[in-house]
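A.B. asks: Residue numbers (our numbering): 7 to 372.
Note that CB positions come from ideal geometry on N, CA and C, so glycine has one too.
Let me begin by handing over the structure; questions about it come next.
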Amino acid sequence: MKKRSKIIALSVVALLVLGTVYSYYAFAWIFFVQPKDGGYSYGQEIHFVAGSQVQEEGFKDGVGNAVKMHKPIRLAELNDSTVVFADINNHAIRTINLRGEVKTLAGGIDKQGYRDGSVEEAKFDNPHGVAVRQDGVIAVAEVKNNTIRLLIPREENGTITYVVSTLAGISGEGGMRDGENDMALFDSPHSLAWGNNGELYVADIGNSRIRMIYDGVTSTIAGRDESGQLDGDLQTGSLKYPMDITTDKEGNIWIADAGTMTVRKWNKATGLSTPFPNAEMAMPHGISMIGSSHIVIAEMYGQRILLYDIKKQQVSTLTGTTEKGVGEGRLTKPAAVLVKGDKIWIADLGNHRIVYVDIPEELLGL
């Protein structure tokens with residue numbers, strides 16, 4: 007009996023070791039990738055907007071350094087003056103403007119969970135992605151609930167408020183299933199982008215796929231069961247932990263593919279491609295575009311914001327020093343970027359703040 011118990015114990019230990027090794031090679035290794043040469047450095051000055059200046063987390067609306075955040079992660083343009091962002095550990099959807107004014111639209115530290123309804127009632131659990139449709143509807147990708155939610159604006163006594171509903175997915179049930187939205191399954195959906203025809207694209211990181219929600223149905227447009235870095239159509243192309251997505255005017259989807267440490271591109275006719283095959287990054291986590299010619303990347307574990315010239319196939323560094331911190335020219339785990347007007351907004355996740363840099367003058371108007 008003792009011998010059998012010993013064998014069982016050793017088997018359990020062996021399985022735990024194998025599980026640890028598998029986890030490392032499957033995902034954790036990307037956290038230890040060293041940043042590569044960032045090319046020419048623009049050295050753009052980092053401008054503080056709101057949040058902490060001493061890496062202090064919390065939850066508080068207000069202005070500037072009176073504001074408290076806890077891992078702001080994704081950014082989207084709400085209107086000409088305002089940006090909406092997801093605040094992960096506060097389970098909140100919040101807004102910010104250049105004056106540093108932060109307001110909570112829905113959720114909060116005391117509203118972790120899952121509930122639709124008015125913003126006073128609604129609950130979220132680890133919201134990550136946000137995307138704003140032309141009519142002002144805000145889509146939210148929730149990692150813990152494995153759902154895609156909507157904040158639908160409505161006017162009450164001259165003031166805009168929101169009603170929260172579930173667009174797709176089943177709360178608390180992760181997995182992979184296409185079909186009618188109320189039966190579709192996601193696995194840690196991370197980010198979102200609206201298409202030109204009202205379709206909503208989802209970076210479904212746990213399934214290593216890009217999904218599309220349109221006309222009440224969820225489908226897969228890129229990626230398959232076996233993750234990796236193969237270019238090609240839906241049958242052959244593969245992704246590995248797609249973290250963030252953005253669309254261009256031609257309807258292409260650009261993907262920050264963290265597991266392959268590269269930028270990928272999806273085209274409706276040709277499928278997946280790798281435009282910069284030799285440009286590896288230390289975990290690309292956020293992506294945006296300057297016009298149709300330059301890709302902006304938040305390199306989370308390079309502590310930098312990188313710029314890729316699509317035509318010249320050249321990389322440069324907009325800001326960041328590869329060393330994390332809150333001092334001059336430093337970021338800590340930059341998670342997202344948003345090109346808006348003449349500025350690039352940055353969700354500086356590890357510093358619990360939102361900042362921006364000016365777009366270099368020679369790139370304005372592209």
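Around the C-beta of G243, are 16 or more other C-beta atoms found within 10 angstroms, so that it is buried, or is it exposed?
C.D. replies: Result: buried.
A.B. asks: Using 8 Å for Cβ pairs, my map puts V345 next to M287. What's the rounded Cβ distance?
C.D. replies: About 18 Å; that fails the 8 Å criterion.
A.B. asks: State the start and end residues of the unbroken beta strand (DSSP E) segment that holds K271.
C.D. replies: Taken as a continuous stretch (DSSP letters only), the beta strand (DSSP E) holding K271 covers T268 to N273.
A.B. asks: What number of angstroms, rounded off, separates the C-alpha of F282 from the C-alpha of L191?
C.D. replies: Those two C-alpha atoms are separated by around 32 Å.
A.B. asks: Taking the Cβ atom as the reference point for each residue, do S194 and I211 lie within a distance shorter than 7 Å?
C.D. replies: Yes; because the gap between Cβ atoms is below 7 Å, this pair is in contact.
A.B. asks: Can you round the beta-carbon distance between V73 and D67 to whole angstroms, since I take them to be within the 8 Å contact cut?
C.D. replies: 7 Å between Cβ atoms; contact.
A.B. asks: Is I211 helix, strand or coil when you go by DSSP?
C.D. replies: Looking at I211 - three-state DSSP - the assignment turns out to be helix.
A.B. asks: Rounded to a whole number of angstroms, what is the C-alpha to C-alpha distance between I216 and L245?
C.D. replies: Between I216 and L245, the C-alpha separation is close to 9 Å.
A.B. asks: What three-state label does DSSP hand N357 in the structure shown?
C.D. replies: DSSP places N357 in helix when its eight states are reduced to three.
A.B. asks: Between the Cα of G371 and those of E162, G238, P340 and H300, spot the shortest distance and give me the residue it belongs to.
C.D. replies: Answer by Cα proximity: H300.
A.B. asks: Is it true that the CB of W351 sits closer than 7 Å to the CB of L111?
C.D. replies: Against a cut-off of 7 Å, the Cβ pair of W351 and L111 comes out as no contact.
A.B. asks: If I'm right that H134 touches K117 with Cβ under 8 Å, what's the distance once you round it to whole angstroms?
C.D. replies: That pair is no contact at about 16 Å.
A.B. asks: Quick check: what's the CA-CA separation for A264 versus T280?
C.D. replies: If you take the alpha carbons of A264 and T280, they lie about 13 Å apart.
A.B. asks: In its own chain, which residues sit with a C-beta less than 8 Å from the C-beta of V143, not counting the 5 before and 5 after it?
C.D. replies: Once the five neighbours on either side are set aside, the close Cβ partners of V143 are L156, L157, I158 and P159.
A.B. asks: State the CB to CB distance for the pair D131 and N151, rounded to an integer number of angstroms; the pair is presumed to be in contact (CB under 8 Å).
C.D. replies: About 5 Å; that satisfies the 8 Å criterion.
A.B. asks: CB-CB under 7 Å to S29, same chain, minus the five flanking residues each way: which ones, in chain order?
C.D. replies: Unreliable placement is indicated for S29, whose pLDDT of 42 sits below 50; no coordinate value is reported for it.
A.B. asks: Taking all protein chains shown into account, do 16 or more other C-beta atoms lie within 10 angstroms of the C-beta of R359, making it buried, or fewer, making it exposed?
C.D. replies: By the neighbour-count rule (16 or more Cβ atoms within 10 Å), R359 is buried.
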